[in-house]
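Contents: one structure, followed by commentary.
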Amino acid sequence: MHHVTRREFLHQTAIGSWLVCSLAEAGRDLLAAQAQPAPRYDLVVKGGRVIDPSQQLSGELDIAVSGRKIARVAAGIQETEARHVLNARGKVVTPGLIDVHVHVYDGVAPLGIPADPNCIAKGVTTVLDAGSAGAHTFPGLRKYVINVVDTRVYALLNISVVGQSTLSDDNPHGELLDLRYANPKLAIRTIEQNRDVILGVKVRLSRQIAGEHDLSALRLAKEAADAVKLPLMVHIGNTSTQLSDILPVMTKGDVITHTFHGNQGGILDSGGRVLPEVRAAVGRGVRLDVGHGRGSFAFDVAEKAIKQDLLPGTISSDVHQFNVNGPVYDLATTLSKFLLMGLTLDQVIERAATNPARTFGFPDGLGTLREGAEADVAVFSLTEGKFEFVDAMNQKRTGNLKLVPVATVKAGKIYGSASIPVVRG
Ligand SMILES: [Zn+2]
Numbered sequence: 008m009h010h011v012t013r014r015e016f017l018h019q020t021a022i023g024s025w026l027v028c029s030l031a032e033a034g035r036d037l038l039a040a041q042a043q044p045a046p047r048y049d050l051v052v053k054g055g056r057v058i059d060p061s062q063q064l065s066g067e068l069d070i071a072v073s074g075r076k077i078a079r080v081a082a083g084i085q086e087t088e089a090r091h092v093l094n095a096r097g098k099v100v101t102p103g104l105i106d107v108h109v110h111v112y113d114g115v116a117p118l119g120i121p122a123d124p125n126c127i128a129k130g131v132t133t134v135l136d137a138g139s140a141g142a143h144t145f146p147g148l149r150k151y152v153i154n155v156v157d158t159r160v161y162a163l164l165n166i167s168v169v170g171q172s173t174l175s176d177d178n179p180h181g182e183l184l185d186l187r188y189a190n191p192k193l194a195i196r197t198i199e200q201n202r203d204v205i206l207g208v209k210v211r212l213s214r215q216i217a218g219e220h221d222l223s224a225l226r227l228a229k230e231a232a233d234a235v236k237l238p239l240m241v242h243i244g245n246t247s248t249q250l251s252d253i254l255p256v257m258t259k260g261d262v263i264t265h266t267f268h269g270n271q272g273g274i275l276d277s278g279g280r281v282l283p284e285v286r287a288a289v290g291r292g293v294r295l296d297v298g299h300g301r302g303s304f305a306f307d308v309a310e311k312a313i314k315q316d317l318l319p320g321t322i323s324s325d326v327h328q329f330n331v332n333g334p335v336y337d338l339a340t341t342l343s344k345f346l347l348m349g350l351t352l353d354q355v356i357e358r359a360a361t362n363p364a365r366t367f368g369f370p371d372g373l374g375t376l377r378e379g380a381e382a383d384v385a386v387f388s389l390t391e392g393k394f395e396f397v398d399a400m401n402q403k404r405t406g407n408l409k410l411v412p413v414a415t416v417k418a419g420k421i422y423g424s425a426s427i428p429v430v431r432g
């Protein structure tokens, strides 16, 4: 592999133009031989099994990239047509994944982690920080995270002005124990000033976070979301108020996260059947998100729900400081758990690329490989073996497939592990 330095490039260009000038009269054939056409594309991701549910694509295809955009998706794009080739033979190629529940306010919210090593390096080009920041701490999220990391970070604004800065293992007191911190007016103003990156409102209703007034906190959050006409994401589990009284506040487009948590206040009745109120909510357009997290995903709940045809709309990780070293690790591991529970590869990619883009108002051209879209591409190996997966309740399952991130392209630029060689075409 040879990288052309700027000096060499200028040198070659100078020699080249001299040759072209002096040969101009010597013969057209010689000139043609000197002036090889420039490659049409900057990059081709070659030979992978492409899965893009947004276009019902599933098969061996090549993806050509020009600049920041997808130029073409087709079989048989030649390596010589591109400046660089990412060899994806034997690999799974998807749109850059979108994780709609992460915490990347590193250094401010105790659960925050750095975005890039945990997102873009793992096939996730776009994330939604789910409420790490509230109105008072949002300017810092924008200035020190959103504006500077390589991962595309969008946010849901916490209805509490302090965001998730108060709660940790050593200070088990959440952001809404004092309801005066829930400030719709300030939330609305912050959202209006940052509409390009804030895509909704977040509220957490667990007892250690919202105490006995979870329903009041929920209504204040809904008031803010309605005022700015954006979705509200509601964190459920261990709430004072029962789920059947929480759900009626939610309307079309709102999102339940931690859908398959295994704590009190869940989606199943005592006989393991999906609550009619949950079905009714889904029926009127409320979306179900996974948000695995440290305490919010139980295999037995998910298995029972899936058996009753209650599937999540989006699969997100809720990856943060207290689960990044297990049991969550990353979004790809969370997706592998759904493969283990019987979803197809196309179904899990749909829930981590296509559906996220439809659930929240991300800019056009994310979560898809259609021509003209942002050139965000994730490459995974679908590894076979015996893998033990652990949920948030320490229940274990053994699966035989694991999705392992191997390379990421964002806006045409290659990130992630170098386990796939990049060669010049
Ligand atoms: Zn979370």
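The numbering of the sequence shown is this note's numbering, which starts it at 8 and goes up by one. Think of the CB as a built atom: it goes at the ideal place given N, C-alpha and C, for glycine as much as any other residue.
Please classify residue i: does DSSP put it in a helix, a strand, or coil?
i	result
residue 136	strand
residue 431	Reliability of the predicted coordinates at residue 431 is poor, the pLDDT of 48 falling under 50, and no value is obtained from them.
residue 399	coil
residue 277	coil
residue 32	With a pLDDT of 43 at residue 32, under the threshold of 50, the modelled position of this residue cannot be trusted; read the value that follows with caution. Coil, per DSSP.
residue 410	strand
residue 359	helix
residue 77	strand
residue 94	strand
residue 390	strand
residue 147	helix
residue 104	strand
residue 294	strand
residue 259	coil
residue 164	strand
residue 188	helix
residue 314	helix
residue 228	helix
residue 236	coil
residue 300	coil
residue 308	helix
residue 64	strand
residue 418	coil
residue 252	helix
residue 202	coil
residue 123	helix
With residue i and residue j assumed to form a contact (beta carbons below 8 Å), what rounded beta-carbon distance in angstroms separates them?
i	j	result
residue 200	residue 306	About 42 Å separates the two Cβ atoms, so there is no contact after all.
residue 126	residue 100	The pair is not a contact, with the Cβ atoms about 18 Å apart (cut-off 8 Å).
residue 135	residue 116	Not really, about 14 Å apart at Cβ, beyond 8 Å.
residue 105	residue 408	No, residue 105 and residue 408 are not in contact; Cβ-Cβ is about 22 Å, not under 8 Å.
residue 418	residue 371	Incorrect: roughly 14 Å between the Cβ atoms, too far for contact.
residue 70	residue 376	6 Å
residue 324	residue 338	4 Å
residue 91	residue 157	18 Å between Cβ atoms; not a contact.
residue 186	residue 237	With a Cβ gap of about 22 Å, residue 186 and residue 237 do not count as contacting.
Let's test the definition: count the other Cβ atoms within 10 Å of the Cβ of residue i and tell me whether it reaches 16, buried, or not, exposed.
i	result
residue 165	buried
residue 279	exposed
residue 340	buried
residue 81	exposed
residue 44	exposed
residue 357	buried
residue 381	buried
residue 182	buried
residue 405	exposed
residue 159	buried
residue 211	buried
residue 398	buried
residue 299	buried
residue 362	buried
* To do: Could you say if the region 310 to 327 and the region 253 to 261 meet the contact criterion of at least three C-beta pairs nearer than 8 Å?
  => no
* Could you say if the region 143 to 152 and the region 170 to 181 meet the contact criterion of at least three C-beta pairs nearer than 8 Å? => yes
* Asked: Using 8 Å as the Cβ pair cut-off and three pairs as the minimum, do the region 175 to 195 and the region 238 to 251 touch?
  -> no
* To do: Could you tell me whether the region 276 to 294 touches the region 307 to 315, where touching means 3 or more Cβ pairs closer than 8 Å?
  => yes
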